[in-house]
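Note sheet for the following structure.
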Amino acid sequence: MGFTVALYFILKRKTSALSKWYVKSLLYAMFSVALSQTQIGGWLAGLLRKIVNLIPGAPVGAIGGALVLLAVIVLVADVWKDRKADRLAQISILLLPLLFVFAAGPIAPTGRNLTDSFANISTNGLAFLTGA
23 MGFTVALYFI LKRKTSALSK WYVKSLLYAM FSVALSQTQI GGWLAGLLRK
73 IVNLIPGAPV GAIGGALVLL AVIVLVADVW KDRKADRLAQ ISILLLPLLF
123 VFAAGPIAPT GRNLTDSFAN ISTNGLAFLT GA
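According to our numbering, the sequence shown is numbered sequentially starting from 23.
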């Protein structure tokens with residue numbers, strides 16, 4: 023997460039790259055993936071699970087999978103509408119990795135693998151910048 027925050031402040035201070043929607047969306051994705059890999063992300067996913075458990079007799083994993091599908095549809099529809107990620111799409115980007123943590127079905131393992139791969143990009147980027 024530190025790499026993403028540092029990259030955000032570097033881009034904000036040194037360039038006008040943050041005015042581009044895709045740069046900001048990529049930073050949101052990197053941050054949310056890194057967040058989902060931490061204990062705070064596990065806690066947030068657990069909180070989402072508790073909220074879903076408030077529905078009596080509901081299959082939590084299936085509802086998580088449905089929420090993943092809904093977030094993907096919202097993201098694609100929002101970008102398709104005006105060719106940029108507005109607030110609703112950015113919220114979907116932030117929620118997707120957390121939803122992958124507790125979703126079940128064929129989507130969940132693929133999403134977790136994608137999240138892990140994306141997290142490795144951030145880790146390797148920080149290692150490259152620091153020389154470690």
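Heads up, the beta-carbon is just placed ideally off N, CA and C, and yes, glycines get one too.
- With contact defined as three or more Cβ pairs closer than 8 angstroms, the region 28-48 and the region 76-93 are not in contact.
- Using a 10 angstroms sphere on the CB of Tyr50, the tally of other CB atoms reaches 16 or more, which defines it as buried.
- Here Asp108 carries a coil assignment [DSSP, helix/strand/coil].
- The Cβ atoms of Thr137 and Val74 do not sit closer than 8 angstroms to each other.
- Going by C-alpha positions, Ala125 is about 24 angstroms away from Ala107.
- Here DSSP, grouped into helix, strand and coil, assigns Thr26 to helix.
- By the Cβ-count criterion, Gln61 is exposed, with fewer than 16 other Cβ atoms from all chains shown falling within 10 Å of its own Cβ.
- In this structure, the straight-line span from the alpha carbon of Arg71 to that of Leu92 is close to 16 angstroms.
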